[in-house]
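As given, the protein sequences belong to chains R and Z, one line each in that order.
If you read the first sequence in my numbering, its first letter stands for residue 6, the second for the next number, and so on.
If you read the second sequence in my numbering, its first letter stands for residue -10, the second for the next number, and so on.
C-beta: ideal position from N, C-alpha, C; glycine also.
Remember, it's a predicted structure, so these values are computed and weren't measured experimentally.
Note sheet for the following structure.
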Amino acid sequence: MKLKVLPPTLRKNNRYLTVEIKVTSPIVKDDLVSIVWDACVRFQGELNTSNYNLWVMKFYEQENGENYYCYKAIVRCQRDYADEVRSALALANKFNNNRIAITTIGLSGTIKASQKYI
Amino acid sequence: MFFDLNINGSSLDDNLKIAIEASKYGWEHINFSYDQNDFKQAQEFKNELSQDLAEIINFDYTLEIKSNNINEIRKITRKFRNRASCISVIGGDLKVNRAVLENVQIDVLSRPYLRRYDSGLNHVLAKEALKNNVAVELCFKDVLKSYLAPRSKVISNFKDIYALYRKFDFPLILSSRAESVFDIRTTHDFIAFFAQTGLTTSEIEKSFLSARNILEFNKNRDKMILTGVRRVDDEA
């Protein structure tokens, strides 16, 4: 049985980060999920990461650069923790021995609004 | 007003790629840093680079002195002072840290904590930095390229420097020291990271202002007769 939806006052407020990912080998959405969680747990710790309410909402492939693959994604986090998440993502450096760079290019309150950065 | 005084300079093509990426991510001015051996060579393609980046981003060159010999550092500083918009010295050695902070001709002591178990600064050096207006530079790349315990130690060193900075108010600058497009982040990410390590937003803004002040001060450095006395050319 599905849980009843919470009333608006009890729901968590979300922010949506539009991130740009540059990586030297191709990745899929599941890879990004583990990259995001790993980056946050490493930099902020398990206890702080539990507050962030992280979720990879959308994942887009972009035109590749000269020597890297380029992707964009929308990552959900809780409202007051956007800076914590974006700093943790900025420190992601390696994935499976491949170079990776994640930088946040937009911050919005809805998924629809965050898509303008894609 | 986002200044990055330390982006690792390399060939013309690589510099172009990094500069375009930096401009896209919100940076307004970047300085490509070269050591004393490569600085002359880099001057050769500066005009070409400035033509290519004319409408994109402001840039300049930083001379980054890599030496553990204090006399050599003094000699190189004197030789390049009029040619470089910013002179920085890589720290880490206590003698170098002290000699650099006592030298008014040097603009920046870069990474005083490098290869050390402590921050490389104390209250005596902090006072010297303030007296001689030498900025202390912290690099984002040192955190980016390290992980687990070494990363914690670097951040711990940053925090020790913040404590001295709050007490003595010497110029502090933050830079990325990016080597490729993989090391560049948006200005917001950069600010968010340093805010996480313990700096306030106003302190981060002040650090960008310090970087700008260094460049502006050096434009008029040849007109300085004494400390506080400058030759004014415009007829009033």
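query                                                                                                                                                                                                  : result
Take the Cβ of R/P31 as the centre, count every other Cβ of all protein chains shown within 10 Å, and call the residue buried at 16 or more, exposed below.                                            : exposed
Would you mind working out which of R/T29, R/T23, R/D36, R/Y73 sits nearest R/V90, comparing C-alpha positions?                                                                                        : R/T23
So the beta strand (DSSP E) Z/S22 belongs to, where does it begin and stop?                                                                                                                            : 18 to 23
Give me whichever residues DSSP pairs with Z/F179 in a beta bridge.                                                                                                                                    : In the DSSP output, where bridge partners are listed per residue, Z/F179 has none listed.
Suppose you measure from the CA of R/V80 to the CA of Z/N86; what does that come to, to the nearest Å?                                                                                                 : 43 angstroms
Mind listing which residues of the stretch 167 to 182 of chain Z have their C-beta closer than 9 angstroms to chain R's C-betas, in chain order?                                                       : S169, V170, F171, D172, I173, R174, T175, H177, D178, F179, I180, A181, F182
If the cut is a Cβ gap below 9 angstroms, which residues of chain R does Z/Q32 touch?                                                                                                                  : Residues of chain R passing the Cβ test: none, with the nearest at roughly 26 angstroms.
Checking 7 angstroms against the spacing of the C-beta atoms, do Z/Y226 and Z/G187 come in under that value?                                                                                           : Only positions -10 to 225 of chain Z appear in the structure, and residue 226 of chain Z is not among them; the question remains open.
Starting from R/D88, find everything on chain Z with Cβ-Cβ shorter than 8 angstroms and list it in chain order.                                                                                        : A181, A184, Q185
R/C82 and R/L96 - do their beta-carbons sit closer together than 7 angstroms?                                                                                                                          : no
I want to verify the contact list: residues of chain R whose CB lies under 8 angstroms from the CB of Z/V132, in sequence order.                                                                       : L96
Check whether the stretch 202 to 218 of chain Z touches the stretch 174 to 188 of chain Z, counting contact only when three or more Cβ pairs, one atom from each stretch, lie closer than 8 angstroms. : no
Verify the contact flag: Z/K13, CB atom, against every heavy atom of the ligand SAH, threshold strictly below 6 angstroms.                                                                             : Ligands are entirely absent from the displayed structure, and the ligand SAH is therefore not among its contents.
Three or more C-beta pairs closer than 8 angstroms, one from the stretch 55 to 69 of chain Z and one from the stretch 100 to 117 of chain R: is that the case here?                                    : no
Can you find the residues in the same chain that come closer than 6 angstroms, C-beta to C-beta, to R/T29, ignoring five residues on each side of it along the sequence?                               : Y73, N103, R104
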